[in-house]
Amino acid sequence: MIMRQNLEDHVVARPGPTASKVSALLAANRLGVPGVLFFIVAAAAPLTTVAGGITAGYAVTGVTGLPVAYLAVMVILAVFAAGYLAMSRHITNAGAFYTYVVHGFGRTPGVAAGFVALLAYNAIQIGLYGIFGTALAALLGVLFAVTVPWWLCALAGWAAIAVVGVLRVDLNGRLLAVLMVAETIVILLYDLVFVSNPAGDAAGLGTLAPDAAAREGWGAALAVALAGFVGFEGGAAFAEETRDARRTVARATFLAIAFLGLLYALSAWALSVTTGPAGVVDAARRAGAGLTFNLSAAQLGTAAADLGRVLFVTGVFAALLSFHNTVARYLFSLGRERVLPAPLGGTHYRTGSPYAGSLAQSGLALGVLVIVVLARADPVATLFLAGTTLGALGVLILMIALSFAAVGYFRRRPDVESVWHRRLAPVLAGVLLLGLLVLVLADFHRVLGVGRDDPRGWVLPALYAVVAVGGLLWGWYLKVARPQVYRTVGLGANRVIGRTMSEWDSAQGMDLNLPKPPIVMVGDLPTVVDMPPVGRSPVRSDTGIVRLHNTTAELDTATTVLAKAFQTDGPGEWLVPEPEVRAAVYPAYLQILVRHALRGAGEVFATADRTAVAIWYPAPYGVPNVAPAEYDAQLAAATGSYLPRFLALDAARQAGHPVDRAHHYLNFVAVLPEHQGRGLGSALLASRLSELHHAGTPAYLEATNRRNLALYLHHGFKVIGTVTVPDGGPTLYRMWREARAR
Numbered sequence: 010m011i012m013r014q015n016l017e018d019h020v021v022a023r024p025g026p027t028a029s030k031v032s033a034l035l036a037a038n039r040l041g042v043p044g045v046l047f048f049i050v051a052a053a054a055p056l057t058t059v060a061g062g063i064t065a066g067y068a069v070t071g072v073t074g075l076p077v078a079y080l081a082v083m084v085i086l087a088v089f090a091a092g093y094l095a096m097s098r099h100i101t102n103a104g105a106f107y108t109y110v111v112h113g114f115g116r117t118p119g120v121a122a123g124f125v126a127l128l129a130y131n132a133i134q135i136g137l138y139g140i141f142g143t144a145l146a147a148l149l150g151v152l153f154a155v156t157v158p159w160w161l162c163a164l165a166g167w168a169a170i171a172v173v174g175v176l177r178v179d180l181n182g183r184l185l186a187v188l189m190v191a192e193t194i195v196i197l198l199y200d201l202v203f204v205s206n207p208a209g210d211a212a213g214l215g216t217l218a219p220d221a222a223a224r225e226g227w228g229a230a231l232a233v234a235l236a237g238f239v240g241f242e243g244g245a246a247f248a249e250e251t252r253d254a255r256r257t258v259a260r261a262t263f264l265a266i267a268f269l270g271l272l273y274a275l276s277a278w279a280l281s282v283t284t285g286p287a288g289v290v291d292a293a294r295r296a297g298a299g300l301t302f303n304l305s306a307a308q309l310g311t312a313a314a315d316l317g318r319v320l321f322v323t324g325v326f327a328a329l330l331s332f333h334n335t336v337a338r339y340l341f342s343l344g345r346e347r348v349l350p351a352p353l354g355g356t357h358y359r360t361g362s363p364y365a366g367s368l369a370q371s372g373l374a375l376g377v378l379v380i381v382v383l384a385r386a387d388p389v390a391t392l393f394l395a396g397t398t399l400g401a402l403g404v405l406i407l408m409i410a411l412s413f414a415a416v417g418y419f420r421r422r423p424d425v426e427s428v429w430h431r432r433l434a435p436v437l438a439g440v441l442l443l444g445l446l447v448l449v450l451a452d453f454h455r456v457l458g459v460g461r462d463d464p465r466g467w468v469l470p471a472l473y474a475v476v477a478v479g480g481l482l483w484g485w486y487l488k489v490a491r492p493q494v495y496r497t498v499g500l501g502a503n504r505v506i507g508r509t510m511s512e513w514d515s516a517q518g519m520d521l522n523l524p525k526p527p528i529v530m531v532g533d534l535p536t537v538v539d540m541p542p543v544g545r546s547p548v549r550s551d552t553g554i555v556r557l558h559n560t561t562a563e564l565d566t567a568t569t570v571l572a573k574a575f576q577t578d579g580p581g582e583w584l585v586p587e588p589e590v591r592a593a594v595y596p597a598y599l600q601i602l603v604r605h606a607l608r609g610a611g612e613v614f615a616t617a618d619r620t621a622v623a624i625w626y627p628a629p630y631g632v633p634n635v636a637p638a639e640y641d642a643q644l645a646a647a648t649g650s651y652l653p654r655f656l657a658l659d660a661a662r663q664a665g666h667p668v669d670r671a672h673h674y675l676n677f678v679a680v681l682p683e684h685q686g687r688g689l690g691s692a693l694l695a696s697r698l699s700e701l702h703h704a705g706t707p708a709y710l711e712a713t714n715r716r717n718l719a720l721y722l723h724h725g726f727k728v729i730g731t732v733t734v735p736d737g738g739p740t741l742y743r744m745w746r747e748a749r750a751r
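Heads up: the sequence shown is residues 10 to 751, going by my numbering.
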């Protein structure tokens, strides 16, 4: 049980649990490029697009140039991704679009973007239940000659998603991998058969001709094509759970765009080959969504068609799961920062999944399903078509906002990316996407399959204006009424910028003028008198602060520095009084903590020569996640009979940790004994504090002795209380440092 204390109190802590069951961090290091790629491709539901989207696109739009539309959208999205993914290399946050807009335009517009994202992704996810229930009911009728209501099938899918959605993210990824590989094989098999059996004597290229695209309904065709890609941008929502956020998301996204674009264009062309370019629209209108399976049955037999129908259902399920995970992470991110209710920001202590957001999304989906069933609405027209079309429009709006947000973000950081990534690509993408939005809105009624005068053609798009205005008002309310929450919007448990700020500070020519206050004793407690900034702390210019990555070599190096530095520290002498035993216990103990930080829970910084190390943890609210889930067992193995003392120290730190303000926590800063006194620890502090200062993020630490206390006071920290470990344990000084808001 973690005891909340006023920041000015003295705290005497008692031993207690060493890890909270609810953390504000997602499980890191669980997804590589393939894992993120499968989440992206699953969201796009390739077989659903090929068997349903392409056929519907031909039928609804009447445009035979659908393959060209897919290629055009692929190019536009690749240009967009250049700026979008450049931001992802510097901002690691599950909030994705929401977070990027915050850093590009500001907090209030960012809140509006978060609300738009929630509407868009929920509309897609819940809309997919309409086609899932219908397709599964039809499949059961074909395979087993049973009649099952669509809504019962949809509820079965909902229950499965609700259960799987709270499991480990990498387990979700493995399930999606199996489904996506099977889908791709079947799609390519169908394409090969269709091209091998042309309607005429040779494969026709009519649907690839420029004049096939230049006709009425082109906006609807582009909208259909864009819908096939929706989900490609979702990789950033999993950035906190990747092994290397700077590279993983970018690589997976570009691979997904190329793979989907080429696959869709090939499949749309192959379908036109087997029906004839001139007859593909009529064939699609006659057969509807069954065209692909009917043609495959005629040429491959009913078994191949039935396999396709099975994979169609599993593909929709995969898309449901992928979008469910995306929505859960948006809810988690907004809850973690208290833009939405704080309980949404919880993650499960075993799986690291955003279970609160997952359960909330499942509850919302169930409510909508119940309403649709009671209203006896058409599951395809009302739920699937309207929901997914509305969602695709929202994603398009978010992409436009993100394109111009990237320009604003990199305008303040002109040297961190190339001109193409920080200016040319975002501007070009923004203009292209704006043009696409105009075309889509002009033909939105056509995509819905309704007349031009039908109110749904403008009511559904208008929902985004209503939601955006609501988000702006809510952001303004947070700024006025809840400024402490407002200050943390967009920060989350992020890496703030994703790298050290020394390069940015020098590029901006900024001087923080960190304060150098005197120490004044208040009773037995040293504190600081407020005074104007008078100078910058001494920092060696040649230290080259770097962030360490999760490798065995870096783990061993950081552990060695910490173990040697703390051998004679006050808490160390109390924890393990015998020096020779401490020399064996301390490295094993510290390795647990360093490994946990390197795996993504925290950040480990070092000087270029690895003679000094600092470990920081984000603490959005509550005690930060400074120990792995299996910490108690690992600690017992490392410390043996000294375990009670280590647990007592952990409990005391937890009890005294501030929980009322979002901040970053300095867990350790250490310099090898032979290199102390050279300003290395000060350099590590100044590098990170520079970053936090500009981001408006406070910092907290516990000083273990008077010598360290003076260093921290010199860097602007104030003593706000003490933590006394029972049974003769050390006294730690609780220290807080404010920072200005951006």
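Using N, Cα and C, we set each Cβ at its ideal position, and we do this for glycine too.
In terms of Cβ geometry, leucine 145 and valine 322 form a close pair [threshold 8 Å].
Here the C-alpha atom of leucine 741 lies approximately 9 Å from the C-alpha atom of glycine 730.
If you look at tryptophan 429, you'll find it isn't in any beta strand (DSSP E); DSSP assigns it neither H nor E.
In this structure glycine 166 touches phenylalanine 326 by the C-beta definition: roughly 6 Å separates them, less than 8 Å. By the neighbour-count criterion, in which 16 or more other beta carbons inside 10 Å mark a residue as buried, glutamate 683 falls on the exposed side. Rounded to the nearest whole angstrom, the C-alpha separation of methionine 189 and glycine 579 is 56 Å. The residue from Ala410, Glu563, Tyr674 and Ala390 with its alpha-carbon nearest to that of proline 707 is Tyr674.
For isoleucine 85, the enclosing alpha helix (DSSP H) covers residues 75 to 97. Within the region 465 to 492, complete beta strand (DSSP E) segments of at least 3 residues are not found at all.
For valine 45, there is no enclosing beta strand (DSSP E); the enclosing alpha helix (DSSP H) covers residues 42 to 53.
Under the three-state reduction of DSSP, phenylalanine 153 is assigned to helix. At least 8 Å separates the beta-carbon of leucine 487 from that of alanine 704. The shortest CA-to-CA distance from alanine 572 to any of Thr566, Tyr595 and Thr561 is the one to Tyr595.
The beta carbon of leucine 652 is closer than 6 Å to those of Ala645 in its chain, skipping five residues each way along the sequence.
Between serine 276 and isoleucine 63, the beta carbon gap of about 6 Å places them in contact (Cβ cut-off 8 Å). Leucine 741: member of the beta strand (DSSP E) spanning 740 to 746, first to last residue.
With respect to the C-alpha of phenylalanine 114, the residue from Val498, Leu300 and Thr577 having the closest C-alpha is Val498.
A distance below 8 Å separates the beta carbons of leucine 689 and threonine 616. Per DSSP, glutamate 612 is one residue of the beta strand (DSSP E) stretching across 612 to 615. Between glycine 123 and valine 348, the C-beta spacing is below 8 Å. Approximately 5 Å separates the beta-carbon atoms of alanine 129 and glycine 400; this is inside 8 Å, confirming the contact. Alanine 279 is a Cβ neighbour of phenylalanine 203, given a cutoff of 8 Å. For valine 258, the secondary structure class from DSSP, reduced to helix, strand or coil, is helix.
DSSP links tyrosine 674 through a beta bridge to Tyr626 and Tyr709. Excluding its 5 nearest sequence neighbours in each direction, glycine 228 has C-beta neighbours in its own chain below 6 Å: Leu448, Val449, Ala451 and Asp452, listed in chain order. Straight-line measurement puts the Cα of tyrosine 598 at about 39 Å from the Cα of valine 187. The region 298 to 314 makes no contact with the region 156 to 176, as fewer than three CB pairs between them are under 8 Å.
Across the set Pro76, Gly297, Ala636 and Val585, the C-alpha of Ala636 shows the shortest separation from the C-alpha of leucine 602. Here the region 66 to 76 does not lie against the region 257 to 268, with fewer than 3 beta-carbon pairs under 8 Å apart.
Listed in chain order, the alpha helix (DSSP H) elements of length 4 or more contained wholly in the region 381 to 468 are 395 to 420, 434 to 451 and 453 to 457. Here the C-alpha atom of alanine 81 lies approximately 14 Å from the C-alpha atom of leucine 437.
Using a 10 angstroms sphere on the CB of glycine 611, the tally of other CB atoms reaches 16 or more, which defines it as buried. A straight-line Cα-Cα distance of about 16 Å links asparagine 676 and serine 696. A direct Cα-Cα distance of roughly 5 Å separates alanine 54 from alanine 328.
When Leu56, Leu411, Gly92 and Ile266 are compared, the shortest CA-CA separation from threonine 108 is found for Leu411. Note on histidine 723: 16 or more other CB atoms within 10 angstroms of its CB, so buried under the neighbour-count rule.
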